[in-house]
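Participant: Residue numbers (our numbering): 42 to 299.
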């Protein structure tokens, strides 16, 4: 059984954390994320995991995809060769270079980090819009377009197949997608025993779980004197970019008596 599923069912504090912005400042001093160097990326994330000792670490692969769409001009040119809806995304998600890079990145990270890993990705609707914008097109999307995007995603996610990733978190903070439109992704996830979750502004929600995962506001990490709420179930937080490392560690000690 996927250990993340067991953790989500527990009746005690389990911390799921997004530390991307915090680590980018504190450990990387705003250097570019080394998406094309799996070992260096994994070593950075290993430092984060060792420092914070969270139960589940969210790796922000959505940022990797954003940077590819911004910087991979040769691929974006190919994406714009045809104007039909969804063509740009199809070319992007089927690119063998991106698949290979993703596979190397997730395999190295999950074998290096001694922590359970979720990767955050844009929702199917969001990635459709991102790919359309990259080629200067308008994205007037139907449910069929979004479901087709899920099919491309489902195939792309097979680049994770040899990794120890525990699940995928889709970002729905700006717009929700009907769960039925995720079906191709859910089918792939079922084959590999991954948990699929959705990040909203107020909580995380995972397929198969009625109870949402509460969110601890990111500003909590800025206020040294803010009392630590006591959780008796899993919870999620994004550690603020400007949090002071000593304060972060004090607050983690208060949660888990480390």
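We put the beta carbon where it would ideally sit given N, CA and C, even for glycine.
Treat the numbers as computed from the prediction; the structure is a model and nothing was measured.
Could you tell me the alpha carbon to alpha carbon distance between residue 299 and residue 187, rounded to whole angstroms?
Facilitator: Sequence index remark: in the chain shown, residue 299 carries index 258 (1-based). Sequence index remark: in the chain shown, residue 187 carries index 146 (1-based). Note that residue 299 has pLDDT 46, beneath the 50 cutoff, so the model's placement of it is unreliable and no number is given.
Participant: Count the other CB atoms, across all protein chains shown, that sit within 10 Å of the CB of residue 189; report buried if there are 16 or more and exposed otherwise.
Facilitator: To locate residue 189, count along the chain shown from 1; it is residue 148. Buried.
Participant: Look at the alpha carbon of residue 49 and the alpha carbon of residue 123, and state the distance between them as a whole number of angstroms.
Facilitator: The residue you call residue 49 lines up with position 8 of the chain shown. The residue you call residue 123 lines up with position 82 of the chain shown. Answer to the nearest angstrom: the Cα atoms are 44 Å apart.
Participant: To the nearest angstrom, report how far apart residue 110 and residue 85 are at their CA atoms.
Facilitator: Here residue 110 refers to the residue found at position 69 of the chain shown. Here residue 85 refers to the residue found at position 44 of the chain shown. When rounded, the distance between both Cα atoms is 23 Å.
Participant: Would you mind stating whether residue 100 and residue 160 have Cβ atoms separated by less than 7 Å?
Facilitator: Within the chain shown, numbered from 1, the residue matching residue 100 stands at position 59. Within the chain shown, numbered from 1, the residue matching residue 160 stands at position 119. Yes, the pair counts as a contact, with Cβ atoms nearer than the cut-off.
Participant: Just verifying my parser: in three-state terms, what is the DSSP assignment at residue 110?
Facilitator: Indexing the chain shown from 1 puts residue 110 at position 69. Reduced to three states, the DSSP call for residue 110 is helix.
Participant: Check each candidate in 246, 194, 236 and name the one with the smallest Cα separation from residue 217.
Facilitator: Start at 1 with the first residue of the chain shown, and residue 217 comes out as number 176. Of 246, 194, 236, the residue nearest in Cα terms is 246.
Participant: Do residue 280 and residue 60 have their C-beta atoms closer together than 7 Å?
Facilitator: In the chain shown, counting from the first residue as 1, residue 280 sits at position 239. In the chain shown, counting from the first residue as 1, residue 60 sits at position 19. Result yes, Cβ atoms of residue 280 and residue 60 sit closer than 7 Å.
Participant: Could you tell me whether the region 121-140 touches the region 63-76, using the rule of 3 or more Cβ pairs below 8 Å?
Facilitator: No contact exists between the region 121-140 and the region 63-76.
Participant: Are three or more beta carbon pairs between the region 204-223 and the region 233-241 nearer than 8 Å?
Facilitator: Flag = yes, the region 204-223 and the region 233-241 touch.
Participant: Using the Cα positions of residue 81 and residue 88, report the straight-line distance between them to the nearest angstrom.
Facilitator: Residue numbering aside, residue 81 sits at position 40 when the chain shown is read from its first letter. Residue numbering aside, residue 88 sits at position 47 when the chain shown is read from its first letter. Those two C-alpha atoms are separated by around 11 Å.
Participant: Exposed or buried, which one is residue 103 when buried takes at least 16 other CB atoms within 10 Å?
Facilitator: Walking along the chain shown from the start, residue 103 turns up at place 62. So residue 103 counts as buried.
Participant: Terminal residues of the continuous alpha helix (DSSP H) containing residue 167?
Facilitator: Against the chain shown, residue 167 aligns to sequence position 126. Residues 165-175.
Participant: Where in the region 164-245 do unbroken runs of the alpha helix (DSSP H), each at least 4 residues long, occur, reported from the N-terminal end onward?
Facilitator: 165-175, 184-197, 224-233, all fully within the region 164-245.
Participant: Would you mind working out which of 106, 193, 287, 233 sits nearest residue 77, comparing C-alpha positions?
Facilitator: To locate residue 77, count along the chain shown from 1; it is residue 36. Checking every option, the nearest Cα to that of residue 77 belongs to 106.
Participant: Is residue 295 closer than 7 Å to residue 269 when the C-beta atoms are compared?
Facilitator: If you number the chain shown from 1, residue 269 lands on position 228. If you number the chain shown from 1, residue 295 lands on position 254. Yes. Within cutoff.
Participant: Of all the options 233, 75, 254, which has the alpha carbon lying nearest to the alpha carbon of residue 51?
Facilitator: The residue given as residue 51 occupies position 10 in the chain shown. With distances taken between Cα atoms, residue 51 lies closest to 254.
Participant: Are residue 116 and residue 136 close, meaning C-beta to C-beta below 7 Å?
Facilitator: For the purposes of this step, residue 116 is taken as the residue at position 75 of the chain shown. For the purposes of this step, residue 136 is taken as the residue at position 95 of the chain shown. It is a contact, given that the beta carbons lie within the stated cut-off.
Participant: Using 8 Å for Cβ pairs, my map puts residue 276 next to residue 257. What's the rounded Cβ distance?
Facilitator: Here residue 276 refers to the residue found at position 235 when the chain shown is read from its first residue. Here residue 257 refers to the residue found at position 216 when the chain shown is read from its first residue. The Cβ separation is near 6 Å, so the contact holds.
Participant: Curious, which full-length beta strand (DSSP E) runs of at least 3 residues does the region 76-128 contain?
Facilitator: Whole beta strand (DSSP E) segments, 3+ residues: 97-100.
Participant: Find the nearest neighbour of residue 42 within the set 206, 244, 260, judged by alpha-carbon distance.
Facilitator: Residue numbering aside, residue 42 sits at position 1 when the chain shown is read from its first letter. Among 206, 244, 260, the Cα nearest to that of residue 42 is on 206.
Participant: What are the boundary residues of the beta strand (DSSP E) that includes residue 45?
Facilitator: By 1-based counting over the chain shown, the position of residue 45 is 4. First-last for residue 45: 44-49, but that is the alpha helix (DSSP H), not the beta strand (DSSP E).
Participant: Which first and last residues belong to the beta strand (DSSP E) in which residue 254 is found?
Facilitator: One-based indexing of the chain shown puts residue 254 at position 213. 254-257 is the extent of the beta strand (DSSP E) around residue 254.
Participant: On the DSSP letters alone, give me the boundaries of the alpha helix (DSSP H) that residue 288 sits inside.
Facilitator: Against the chain shown, residue 288 aligns to sequence position 247. Its alpha helix (DSSP H) spans residues 286-297.
Participant: Three or more C-beta pairs under 8 Å: does that hold for the region 67-77 against the region 217-226?
Facilitator: Taking 8 Å as the limit for Cβ pairs, the verdict is that the region 217-226 does not touch the region 67-77.
Participant: Looking at residue 156 and residue 90, is the spacing between their C-beta atoms short of 7 Å?
Facilitator: The residue you call residue 90 lines up with position 49 of the chain shown. The residue you call residue 156 lines up with position 115 of the chain shown. Yes.
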